[in-house]
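Engineer:
In this note's numbering, the protein residues as written are 41 to 418.
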């Protein structure tokens with residue numbers, strides 16, 4: 041039988057300092073309650089060090105600030121093969137959250153865990169919130185977590201974080217980044233299965249705010265955003281760094297605009313992806329974009345297969361340009377539809393992109409024309 045540590049809502053369950061390495065194994069850590077708005081770590085507080093937390097269940101813990109289940113202040117802990125569920129963090133000091141896990145810094149490894157049904161009740165990071173450092177989040181199943189603001193599954197504030205080979209699904213953010221939200225830094229999001237996440241705002245699957253993040257080799261599908269970027273939203277306003285989206289499969293996502301990708305206002309490279317079956321259901325300022333919406337600044341859209349995307353109530357079934365420049369080259373663009381407007385394959389508004397060496401066929405525009413490419417007058 042497992043050893044059960046139950047705080048009965050009378051305080052934190054476990055505190056580990058930063059001295060000798062500790063192995064926590066096979067425990068049930070539950071019913072911690074640390075209600076202060078500046079208090080952290082409802083179930084387990086790790087002050088630092090190279091501790092190992094494994095094969096335990098951490099559940100039904102509550103904290104007034106950060107880290108409902110686990111709070112990592114620093115160090116290089118290994119958090120592996122645990123079930124982390126039904127924990128709540130309020131983020132009561134006005135920042136952060138981290139319903140399941142909060143990493144304040146250091147180089148934590150979070151691997152092979154089931155992280156589910158956790159809540160950031162006032163702020164960000166329903167499943168995991170990473171403030172800074174160089175954490176690795178790998179091979180986890182992260183699902184059914186909720187954030188009242190952003191990052192239903194994972195929220196990254198800054199740093200050089202790696203999110204790799206996880207299954208991230210059925211998470212929800214009341215604002216942005218249903219699956220993952222990256223505020224800044226240079227995160228690497230690689231090899232993940234990201235599906236059925238929801239954001240009431242932008243970025244059903246992923247939202248990148250600023251920074252030079254790389255999103256590569258992921259499968260991103262069946263995510264939903266209430267505004268822009270059903271699969272991925274790249275805001276990057278007034279940001280001189282370049283975000284890269286490459287070698288992904290981005291299919292069957294839905295948003296108001298930018299069904300597959302809303303490429304936002306910054307420097308973005310979108311290359312060697314399959315972007316298919318996405319849908320934009322409306323317009324913002326007259327622009328839509330079933331597969332990709334490019335707002336402004338230089339976009340490089342290269343070597344992609346963009347097919348069977350739909351703009352149901354606006355222009356640009358495959359790609360829609362507002363004022364963005366850049367290059368569209370060596371893409372295969374086919375089977376896209378602008379159901380009630382122009383530019384079945386590509387719609388160009390007040391932009392002057394270079395379009396070269398593409399194969400464009402079997403696209404449909406149901407309004408004034410431009411089944412393949414439509415250029416706005418003026």
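All C-beta atoms in this analysis are idealised placements derived from N, C-alpha and C, irrespective of residue type, glycine included.
Indicate whether residue 191 and residue 231 have their beta-carbon atoms separated by less than 9 Å.
Structural biologist: The answer is no: Cβ separation not under 9 Å.
Engineer: CB residue 139 to CB residue 158, shorter than 9 Å?
Structural biologist: yes
Engineer: Between the beta-carbon of residue 253 and the beta-carbon of residue 228, is there less than 9 Å?
Structural biologist: yes
Engineer: Can you name, in chain order, every residue of its own chain whose Cβ lies under 6 Å from the Cβ of residue 106, other than the five neighbours on each side?
Structural biologist: 80, 129, 136, 138, 142
Engineer: Compare the C-alpha of residue 322 against each of 76, 299, 98, 99 and name the closest.
Structural biologist: Comparing Cα-Cα distances from residue 322 to each of 76, 299, 98, 99, the minimum goes to 299.
Engineer: Would you tell me roughly how many angstroms separate the C-alpha atoms of residue 287 and residue 343, rounded to the nearest one?
Structural biologist: 10 Å
Engineer: With 16 other CB atoms within 10 Å as the buried threshold, where does residue 387 fall?
Structural biologist: buried
Engineer: Please give me, in chain order, every unbroken run of the beta strand (DSSP E) with length at least 3 that falls completely inside the stretch 387-416.
Structural biologist: Runs found: 394-396, 399-401, 413-415.
Engineer: Does DSSP put residue 123 in a helix, a strand or coil?
Structural biologist: strand
Engineer: For residue 392, which option in 182, 382, 416, 405 has the closest C-alpha, if you only look at C-alpha atoms?
Structural biologist: 416
Engineer: Write down the C-beta distance between residue 352 and residue 303 rounded to the nearest angstrom, noting that I regard them as a contact closer than 8 Å.
Structural biologist: Incorrect: roughly 20 Å between the Cβ atoms, too far for contact.
Engineer: From the DSSP secondary-structure annotation, give me the bridge partner or partners of residue 276.
Structural biologist: In DSSP, residue 276 forms no bridge with anything.
Engineer: Which residue from 45, 289, 282, 48 puts its Cα closest to that of residue 338?
Structural biologist: Checked all of 45, 289, 282, 48; the closest Cα to residue 338 is 282.
Engineer: At which residues does the beta strand (DSSP E) containing residue 138 begin and terminate?
Structural biologist: Looking at the DSSP string, residue 138 is not in any beta strand (DSSP E), and its letter there is neither H nor E.
Engineer: Identify the residues that DSSP records as bridge partners of residue 235: which are they?
Structural biologist: Paired residue(s): 209, 261.
Engineer: By the three-class DSSP mapping on this structure, what secondary structure does residue 295 have?
Structural biologist: strand
Engineer: Identify every residue that forms a DSSP beta bridge with residue 319.
Structural biologist: DSSP, once it has assigned bridges, lists 294, 350 as partnering residue 319.
Engineer: Please state whether DSSP places residue 154 in a helix, a strand or coil.
Structural biologist: strand
Engineer: By Cβ distance below 8 Å, which residues in the same chain neighbour residue 161 in space, the five residues on each side in sequence not counted?
Structural biologist: If we look at residue 161 and ignore the five residues flanking it on each side, its Cβ neighbours are 128, 129, 130, 131, 137, 139, 188.
Engineer: Any idea if residue 41 is buried or exposed, counting beta-carbon neighbours within 10 angstroms, 16 or more meaning buried?
Structural biologist: By the Cβ neighbour-count rule, residue 41 is exposed, with fewer than 16 other Cβ atoms within 10 Å of its own.
Engineer: Can you tell me which residues form a DSSP beta bridge with residue 268?
Structural biologist: 297
Engineer: What three-state label does DSSP hand residue 302 in the structure shown?
Structural biologist: strand
Engineer: Give a yes or no on whether the C-beta atoms belonging to residue 211 and residue 240 are separated by under 9 Å.
Structural biologist: no
Engineer: In the DSSP output, which residue or residues are listed as bridge partners for residue 374?
Structural biologist: 347, 401
Engineer: Could you tell me the alpha carbon to alpha carbon distance between residue 284 and residue 221, rounded to whole angstroms?
Structural biologist: 15 Å
Engineer: In the DSSP assignment, the beta strand (DSSP E) including residue 94 goes from what residue to what residue?
Structural biologist: 92-94
Engineer: Can you list, in chain order, the residues of its chain whose CB lies under 6 Å from that of residue 126, leaving out five sequence neighbours each side?
Structural biologist: For residue 126, where only same-chain residues beyond five positions count, the Cβ hits under 6 Å are 99, 100, 157.
Engineer: Does the beta-carbon distance from residue 345 to residue 314 come in below 9 Å?
Structural biologist: Less than 9 Å separates the beta-carbon of residue 345 from that of residue 314.
Engineer: Taking C-beta to C-beta, are residue 147 and residue 173 nearer than 9 Å?
Structural biologist: yes
Engineer: Quickly, what does DSSP pair residue 429 with across the bridge? List them, please.
Structural biologist: An answer regarding residue 429 cannot be provided, because it is not within the stretch 41 to 418 covered by the chain.
Engineer: When you compare the CB positions of residue 268 and residue 245, do they come within less than 9 Å of one another, or not?
Structural biologist: no
Engineer: Just to confirm my understanding: we take residue 152, look at its own chain, exclude 5 residues before and 5 after, and list those with CB closer than 6 Å. What are they?
Structural biologist: Correct list, in chain order: 120, 121, 179.
Engineer: Tell whether a beta-carbon distance below 9 Å holds between residue 318 and residue 291.
Structural biologist: Yes, the pair counts as a contact, with Cβ atoms nearer than the cut-off.
Engineer: DSSP three-state label for residue 171, please.
Structural biologist: In this structure, DSSP gives residue 171 a state outside helix and strand, which the three-state scheme calls coil.
Engineer: My output table needs one value for residue 144: the three-state DSSP class, helix, strand or coil.
Structural biologist: coil
Engineer: Taking the alpha carbon of residue 403 as the reference point, which residue from 395, 397, 412 has its own alpha carbon closest?
Structural biologist: 412
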